[in-house]
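Peer 1:
In our numbering, the protein residues as written are 566 to 1190.
1) Could you pull the start and end residues of the alpha helix (DSSP H) that residue 1080 belongs to?
2) Leaving aside the five residues before and after residue 655 along the sequence, list all residues of the same chain whose C-beta is less than 7 Å from its C-beta, in chain order.
3) Given that a residue counts as buried once 16 or more other Cβ atoms are within 10 Å of its Cβ, and exposed if not, what is residue 1112?
4) Between the C-alpha atoms of residue 778 and residue 767, what's the straight-line distance to the nearest angstrom?
5) Can you tell me whether residue 930 is helix, strand or coil according to DSSP?
6) Compute the Euclidean distance between the alpha carbons of residue 992 and residue 790, then round it to the nearest angstrom.
7) Helix, strand or coil, according to DSSP, for residue 1155 in the structure here?
8) Closer than 8 Å is the cut-off here; do at least three beta carbon pairs connect the segment 745-756 with the segment 863-872?
9) Going along the chain, which residues of its own chain have a beta-carbon closer than 8 Å to the beta-carbon of residue 1139, five neighbours each way excluded?
10) Could you check where the alpha helix (DSSP H) with residue 859 kicks off and where it finishes?
11) Report all residues from its chain with a CB closer than 8 Å to the CB of residue 847; omit the five preceding and five following residues, and keep chain order.
12) Kindly indicate the opening and closing residues of the beta strand (DSSP E) around residue 822.
13) If the criterion is Cβ atoms closer than 8 Å, does the pair residue 822 and residue 794 meet it?
14) Count the C-beta pairs between the segment 1123-1133 and the segment 1089-1106 that are closer than 8 Å, then say yes if the count reaches three, no if not.
15) Report yes if the C-beta distance between residue 1191 and residue 975 is below 8 Å; otherwise report no.
16) For residue 718, which beta-bridge partners are listed by DSSP?
17) According to the Cβ coordinates, are residue 624 and residue 904 closer than 8 Å?
18) Can you list, in chain order, the stretches of the beta strand (DSSP E) that have 3 or more residues and sit fully within the segment 940-998?
19) Pick helix, strand or coil for residue 886, following the three-state DSSP scheme.
20) If you draw a straight line from the alpha carbon of residue 981 to that of residue 930, how long is it in whole angstroms?
21) Buried or exposed: where does residue 911 fall if 16 or more other Cβ atoms within 10 Å of its Cβ makes it buried?
22) What are the start and end residues of the beta strand (DSSP E) that includes residue 699?
23) What's the gap between the Cα of residue 723 and the Cα of residue 876?
24) Please identify the residue among 706, 1059, 626 and 948 whose C-alpha is closest to the C-alpha of residue 1133.
25) Figure out for me which residue from 610, 762, 816 and 604 has the closest Cα to the Cα of residue 620.
26) How many angstroms separate the CA atom of residue 935 from the CA atom of residue 811?
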């Protein structure tokens, strides 16, 4: 097992505990790493994370939902709970998944759209476990899981009207006009009282995907017989005794007569391939009903993951932030091997890859150190995406490409694994995957918002930069948000990464072509307004007007401005220093950038503070990082 002990911490994740703090006394040992994790950090504001139960890189993320609105991960801390669904994505910029809700209550029977909790108490969470007591029903909910199965434990009060609603149409969505909105478009629910099972499927569309439908199957098995049951559909009534229904907003209700403190448990197998595969997960992973054992096993799994990095010193709050951040690096992406589309067979398949542009600077390099087998799986998934569906892509969810931010960031992740010699990768296939990103256009006429490949690669290769006035396609008269400066800088670095593999697996012509691109970044350097990377038109003239502080996602830049992007030449830092006139001038200007315009949360800024090292001023890196 790879294990690290850190006392001086730097980097995007590790800076959280670098501040000096008194050590605990020898008589007061620090809490276990796992006990420093607070899954509620990030559940307010725009953190887009969930507090529920999952395993490291697990298939299941069973967690509460607080409405079907704009919460990307389904949950906001200050809101009332309306569902407990089986799969979520941590850190996604918009809502997706959140399918199949298991919701307990007491009292009058109603459909999920007609009820919500009025409050909550005793809410708590730790890695692999979540609990809350729902008002007004006084029902205690506990959640845990195995890799493919969610485990629900409900403790009811005394009631002749205790119920569980199985909402098959539930999912997370924004609103009807939002491109990222998901919605159910047709499914089936079946109730088998003799087997104490509810099963079925739902087809969804949308949810930050390309619009292709996605289909999810499930089986929910209970440990307690139903006193009665029924189904509902769309705008229809609740149908007592019904064992099957079809439609969009469909589900089943299960009634129980409970004594005070009676426990009703259910385990929910989920599959994207079929009902029988979902049901088969019970025998493979959760044959019994021992909730405490499953909770303990989940804790042990998380302990193994979190104990790979041990820190010394720091305050309790710093340790809490650090280990919560480390925990979050282990909840996405997710190992869906065996749950990929049938055309993949049992090829390695990590799903819910956030835009790799968001992670290639941070999580992925960390995983090469502390979870190399997982990073190998991610790399092999990208290779398999190329081999089966044609492209590595940049983000991937719901069995489909999502969208590309700037360059082809898979090139960076694969090259990083290559130079670190991660085992278990067919590097010849890896080269073919990244080579396509560097040499083949993904049909520039197809769409304004690319979902694979590089946007207008043809114009980049023809001009030796991406012009600000190039059209999205020859069919369109108006240029769109080309982000020409940001994309040019990223394409050049992407080419540098592809070159690393080409030197061993490519042709001499490939090597020469890629080598010739490495200085193209300088074509956008304008020394006259103080030295900035600036957009150019196809005729070689500068893009006007120019304001180095105009932040945009537009013709020149993506999520930033000239002060943000003029530092991004990671493969040739000395070349950038030379453009600015030498070490002293470079340090002076970078100091201004870090002092006034640095945004720690913004991806293009994340490497800035480390650039001082290349100009002989590591003390400045210490100061700003």
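By construction, the Cβ of each residue, glycine as well, lies at the ideal position given by its N, Cα and C atoms.
Peer 2: Taking the structure as given:
1) Sequence index remark: in the chain shown, residue 1080 carries index 515 (1-based). Unbroken alpha helix (DSSP H) run through residue 1080: 1073-1080.
2) Taking the chain shown and counting its residues from 1, the one referred to as residue 655 is at position 90. 614, 615, 638, 893, 896 and 897, listed in sequence order.
3) Taking the first residue of the chain shown as 1, we reach residue 1112 at position 547. It is exposed - the Cβ of residue 1112 has fewer than 16 other Cβ atoms within 10 Å.
4) Here residue 778 corresponds to residue number 213 of the chain shown, with the count starting at 1. Here residue 767 corresponds to residue number 202 of the chain shown, with the count starting at 1. Looking at the two C-alpha atoms, the distance is approximately 10 Å.
5) Indexing the chain shown from 1 puts residue 930 at position 365. Here residue 930 sits in helix by DSSP.
6) Against the chain shown, residue 992 aligns to sequence position 427. Against the chain shown, residue 790 aligns to sequence position 225. When rounded, the distance between both Cα atoms is 54 Å.
7) Here residue 1155 refers to the residue found at position 590 when the chain shown is read from its first residue. Residue 1155 falls in the helix class under three-state DSSP.
8) no
9) As a working mapping, residue 1139 is identified with position 574 in the chain shown. Closer than 8 Å at the Cβ level, and outside the excluded window around residue 1139, lie 1179.
10) For the purposes of this step, residue 859 is identified with residue 294 of the chain shown, where counting begins at 1. Note, residue 859: alpha helix (DSSP H), 856-871.
11) As a position in the chain shown, residue 847 is number 282, starting the count at 1. Result list for residue 847: 714, 784, 786, 832 and 834, in chain order.
12) Start at 1 with the first residue of the chain shown, and residue 822 comes out as number 257. Where residue 822 is concerned, the enclosing beta strand (DSSP E) stretches over 815-823.
13) In the chain shown, counting from the first residue as 1, residue 822 sits at position 257. In the chain shown, counting from the first residue as 1, residue 794 sits at position 229. Not in contact: residue 822 and residue 794 (Cβ atoms no closer than 8 Å).
14) yes
15) It is not possible to answer for residue 1191, since the shown part of the chain is limited to 566 through 1190.
16) On the chain shown, residue 718 is found 153 positions in, with the first residue counted as 1. Per DSSP, 707 and 830.
17) For the purposes of this step, residue 624 is taken as the residue at position 59 of the chain shown. For the purposes of this step, residue 904 is taken as the residue at position 339 of the chain shown. The answer is yes: Cβ separation under 8 Å.
18) none
19) Translated into positions along the chain shown, residue 886 becomes position 321. Helix.
20) Locating residue 981 in the chain shown gives position 416, counting from the first residue. Locating residue 930 in the chain shown gives position 365, counting from the first residue. For residue 981 and residue 930, the distance between alpha carbons rounds to 7 Å.
21) Taking the first residue of the chain shown as position 1, residue 911 is located at position 346. Label assigned to residue 911: exposed.
22) As a first step, residue 699 must be located in the chain shown, where it is residue number 134. Here the beta strand (DSSP E) through residue 699 covers 694-700.
23) As a working mapping, residue 723 is identified with position 158 in the chain shown. As a working mapping, residue 876 is identified with position 311 in the chain shown. Cα to Cα, the separation comes out at about 48 Å.
24) Position 568 of the chain shown, counting from 1, holds the residue named residue 1133. Checking every option, the nearest Cα to that of residue 1133 belongs to 1059.
25) Counted from its first residue, the chain shown places residue 620 at position 55. The shortest C-alpha separation from residue 620 is found at 604.
26) Here the question's residue 935 lines up with position 370 in the chain shown. Here the question's residue 811 lines up with position 246 in the chain shown. Roughly 46 Å separates the two Cα atoms.
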